[in-house]
Amino acid sequence: MRVMRRGGEPSASIGLVLGAGGVVGQAYQAGVLAALEREIGWDARSASVIVGTSAGSVTGAALRVGVPASDLAASLYGAPTSRRGGALLRRILPDDTQLPSPSVRSILRPWNLPSPALVVRAARRPLAFRADVALTTLLPSGQLDISDRAQGLDEFIGDRWPDGLRICAVRRSDGHRVVFGRPGSPRARMASAVLASCAIPGYFRPVRIEGTDYVDGGVHSVTNADVLRNEGLDLVIIISSMSAAHGSVNGADGWIRRSVHRRMEREVARLQQAGTPVITLEPDTEARRVMGLRAMAEDRSPRVIEAAYDETRQRIMSSSFLATLGGTTTPAMAATPAAG
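Okay, so the sequence shown: first residue is 1 according to the working numbering, each after it adds one.
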């Protein structure tokens, strides 16, 4: 799938990376994508490849079944949607039952022992061993079952898998990242893959697919942008709600946002080394303020969408590179330097 520019000019292949971030992260993504759609005419549904992690897997799945970004934003905002978009959302999204917030008690229960697979993996590849990933595999299983949250999506899409959708999860036994939808990866129903990608360790129960337990793809990386390294794309757009614009931020969540930003920068570098230009879109001051510290705070969604939309519009106004998405300029995307 390739995106045509205005006037029928040659198209560009665009990869879209949608990171983790809970409910407020999903609202941030919706605001950013709505701005790209309305301000410069880029429809995220036309992305050649979409990589979704955790909350981003939900957004990516919705785009791939045909929901426009403007309707995603309107739905989370509580505003009217288009007739078709609203009908799709009612079919694929769960009811409005709000999930309880994670508590410290959930991780005070007995932890798991390291699995043989984890020990073997650490012994075979000690330099690639990541203690943070290993630690999350030892967390006690979450007690909240989310299997019914994707019932509508499963009934709608069944065992079909949309072209150009990659959903990231982590195999609980050894912390290995699995990219569902990528050639050579384990087969899964799309709804199950989305649930697995969202299964926060210690909060939600792991999701079992073909006898294997999986947890949140954010355990490996909040963005997993490096999945697109060898796709030969003209451009990759990364929307990362858990990092911070410019990578510099204070506050209670500052160290988390700085850490996520640094890891994302390493993934961006890998994409650039492969010759792929990259645009990163991260929360700036106002968006971070309204997002707050609670990732599952649904009541913040309208303000997050507004802030994300406004900050993205400001980026568009100041960046000729972003303007190429809407066809307002025509330099070859592959020759344009990356913007962050």
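Beta carbons: idealized from backbone N, C-alpha and C, even for Gly.
Asked, Found
"How should residue 284 be labelled, buried or exposed, when 16 other C-beta atoms within 10 angstroms of its C-beta is the threshold for buried?", "buried"
"List the residues that DSSP assigns as beta-bridge partners of residue 309.", "Answer is none; residue 309 lacks a bridge partner."
"Expressed to the nearest angstrom, what Euclidean distance is found between the alpha-carbon atoms of residue 313 and residue 39?", "7 Å"
"In whole angstroms, give me the CA-to-CA distance for residue 253 and residue 293.", "7 Å"
"With a floor of 3 residues, list each beta strand (DSSP E) that falls wholly inside the stretch 256 to 298, ordered by position along the chain.", "278 to 281"
"How many Å lie between residue 58 and residue 26 at the Cα?", "8 Å"
"Sort 173, 219, 309, 278 by Cα distance to residue 13 and report the nearest one.", "278"
"Is the beta carbon of residue 197 closer than 7 Å to that of residue 217?", "yes"
"Using a Cβ distance threshold of 8 Å, determine whether the stretch 265 to 276 contacts the stretch 233 to 243, with at least three qualifying pairs required.", "yes"
"The alpha helix (DSSP H) spanning residue 31 covers which residue range?", "22 to 40"
"Per DSSP, which one or two residues make a beta bridge with residue 214?", "171, 207"
"Shortest alpha-carbon distance to residue 341 belongs to which of 70, 281, 91?", "Nothing in the structure corresponds to residue 341, since the chain is present only between 1 and 340."
"Using 10 angstroms around the beta-carbon of residue 246, count the other beta-carbons present and answer buried if the total reaches 16, otherwise exposed.", "exposed"
"Say the cut is 6 Å; is the CB of residue 303 nearer than that to a heavy atom of the ligand SAH?", "No copy of the ligand SAH appears in this structure; indeed no ligand is present at all."
"Who are the Cβ neighbours of residue 17 in its own chain at under 6 Å, not counting the five residues just before and after it?", "51, 223, 225, 238"
"How many angstroms separate the CA atom of residue 264 from the CA atom of residue 229?", "13 Å"
"Is the separation between the beta-carbon of residue 172 and that of residue 206 shorter than 7 Å?", "yes"
"Sort 19, 210, 231 by Cα distance to residue 186 and report the nearest one.", "210"
"Along the chain, where does the beta strand (DSSP E) containing residue 15 start, and where does it finish?", "14 to 18"
"If you draw a straight line from the alpha carbon of residue 214 to that of residue 151, how long is it in whole angstroms?", "18 Å"
"Between residue 129 and residue 82, what straight-line distance do the alpha-carbon atoms span, to the nearest angstrom?", "Low confidence applies to residue 129: its pLDDT is 42, below 50, so where it sits in the model is not reliable enough to give any reading."
"Just confirm the distance between the C-beta atoms of residue 166 and residue 49, as a whole number of angstroms; I'd bet it's less than 8 Å.", "6 Å"
"Where residue 297 and residue 66 are concerned, what is the direct C-alpha to C-alpha distance, given to the nearest angstrom?", "26 Å"
"Among 31, 157, 221, which one has its Cα closest to the Cα of residue 291?", "31"
"Which two residues bound the contiguous beta strand (DSSP E) that contains residue 50?", "49 to 53"
"Assuming residue 236 is part of the beta strand (DSSP E), what are its boundary residues?", "235 to 239"
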